[in-house]
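Q:
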Amino acid sequence: MKLKITIMLIGLIALTIFAETGRTAVFLRMPVGWKQTAMGGCGVAIGGEANSGWFNPAALQMFKGWGGSSGYSQLALDRWFYYISAAGNLRDEAAVALTWVHADAGNIDGRDISGNHTGMLDYGEEAIFMTFSKVVTKEFTIGGNAKYVQTDLHEIRSYVAGFDVGAHLRLLRGQVQVGASYSNIAMEHQWDSKGIYGSSSGTTTDEPIAGYARVGAAYSPRELPSTITAEIGLRDA
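Residues 1310 to 1546 in our numbering are what the sequence shown spells out, letter by letter.
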């Protein structure tokens, strides 16, 4: 088993991401896959997995053959995170993948302003995305995701479609890998509570999903079965 040595410069790991309040769809920045999670959430420069498109769609090109991966995590405060991916390489010229990701929480007490119990609330978020990567040169690939995101908050549902883009470069016969991606292009939730509270009391609110840029590099020396990687992640304001 390869030893994974991670140097994390700037990034968000699971606890930090889910602790972030006041923003929608933060689960889209949760790391998926045991390898990327063990490496502190770094994944933009590391390819070769069926779920690589979650971090960088261009890095999917390094996945060989046909296969898949799946996993789940139980987080603090009775929260759950699941994913499943299926991918295939097309004659080493392109690669495709389909991934489903789900996040939810357990029983949530609903209470009014006086603290009286009003019932149990449901919460869940889904993301389904198709990844495509294409070889430009032997060392350089580009890729993109087309994705659908749905959020259910009790009786309110919002859904949106958008895109991710990425690029991946391999140098020194693959020992050095460089990746960059930008996620959540043209994505904005619309919350409409008129179906619950009526047209007089209900409101319609638009809430953009913050774009997220990643840039990273990885080094895998041939003499030592290890990988050193660093990644920077920046979220739109």
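For every residue, glycine included, the Cβ atom is placed at its ideal position computed from N, Cα and C.
I'd like the list of long-range same chain contacts for E1358, defined as Cβ closer than 6 Å, with 5 residues on each side in sequence excluded.
A: For the purposes of this step, residue 1358 is taken as the residue at position 49 of the sequence shown. If we look at E1358 and ignore the five residues flanking it on each side, its Cβ neighbours are G1342.
Q: Is there contact between the region 1511-1521 and the region 1348-1368, where contact requires at least three CB pairs shorter than 8 Å?
A: As far as the Cβ criterion goes, the region 1511-1521 does not touch the region 1348-1368, which means the pair count is below three.
Q: What did DSSP end up calling L1369 once you bin it into helix, strand or coil?
A: Taking the sequence shown and counting its residues from 1, one reaches residue 1369 at position 60. Three-state DSSP puts L1369 in a helix.
Q: Looking at Y1491 and V1469, is the spacing between their C-beta atoms short of 8 Å?
A: The residue labelled residue 1469 in the question sits at position 160 within the sequence shown. The residue labelled residue 1491 in the question sits at position 182 within the sequence shown. No, the Cβ-Cβ distance between V1469 and Y1491 is not below 8 Å.
Q: Are the CB atoms of V1444 and Q1370 nearer to each other than 8 Å?
A: Taking the first residue of the sequence shown as 1, we reach residue 1444 at position 135. Taking the first residue of the sequence shown as 1, we reach residue 1370 at position 61. Yes. Within cutoff.
Q: Cβ of E1434 within 8 Å of Cβ of A1406?
A: In the sequence shown, residue 1434 corresponds to position 125, counting from 1. In the sequence shown, residue 1406 corresponds to position 97, counting from 1. No, Cβ-Cβ distance for E1434 and A1406 is not below 8 Å.
Q: In angstroms, rounded to a whole number, what distance separates the CA positions of G1483 and T1538?
A: Taking the sequence shown and counting its residues from 1, one reaches residue 1483 at position 174. Taking the sequence shown and counting its residues from 1, one reaches residue 1538 at position 229. Distance between the alpha carbons of G1483 and T1538: 14 Å.
Q: Does the distance from the C-beta atom of A1414 to that of Y1391 stay below 8 Å?
A: Walking along the sequence shown from the start, residue 1414 turns up at place 105. Walking along the sequence shown from the start, residue 1391 turns up at place 82. Contact: no.
Q: How many Å lie between V1458 and M1339 at the Cα?
A: The residue you call residue 1458 lines up with position 149 of the sequence shown. The residue you call residue 1339 lines up with position 30 of the sequence shown. The alpha-carbon atoms of V1458 and M1339 are separated by roughly 14 Å.
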